[in-house]
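Undergrad:
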Amino acid sequence: MASYMHAYQSYASTPTKSTKDTEIEIILETTRRLKRADETRDKDFPTFAAALHENRKLWITLAADVADSQNGLPRELRVKIFYLSEFVQIYTRKTLAEALSVDPLLDINLAILRGLASKRNME
251 MASYMHAYQS YASTPTKSTK DTEIEIILET TRRLKRADET RDKDFPTFAA
301 ALHENRKLWI TLAADVADSQ NGLPRELRVK IFYLSEFVQI YTRKTLAEAL
351 SVDPLLDINL AILRGLASKR NME
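So our numbering is basically just the index in the sequence shown, starting at one, shifted up by 250.
1) Measuring straight from C-alpha to C-alpha, what distance separates residue 305 and residue 324?
2) Taking the alpha-carbon of residue 331 as reference, which of 296, 288, 363 has the nearest alpha-carbon?
3) According to the neighbour-count rule (16 or more other Cβ atoms, all chains shown, within 10 Å of its Cβ), is residue 319 buried or exposed?
4) With residue 342 and residue 355 assumed to form a contact (beta carbons below 8 angstroms), what rounded beta-carbon distance in angstroms separates them?
5) Look up residue 320 in the DSSP assignment and say whether it is helix, strand or coil.
As structure tokens, this is what we get:
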């Protein structure tokens, strides 16, 4: 989690990028890494497991962010993001134990990216 917080803070402190741009970039890179690792999971399981772990850490960070009372998102949206994080944690464990598809995890990340992108376009 510290690596994501450090990356987030580094990106957020860059004056040419907005916080939203930073969030999009981090989620997009994590999603790409997970998708690539899934394509070779049978040949390189350690890389696949590491990508799942990074995605899980991303969602722990998001959950911590929306749990903060200072977060500016509407309460209902914060609750939904928190519950998505719980789903990601549970589904990730099952994916590792039962060789499930990562498609639900990718779908969640992509839905969040679409929401961030549409909100950015509205600003």
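Glycine included, each C-beta is placed from N, C-alpha and C at the ideal position.
TA: Looking at the atomic coordinates:
1) 24 angstroms
2) 363
3) exposed
4) 7 angstroms
5) coil
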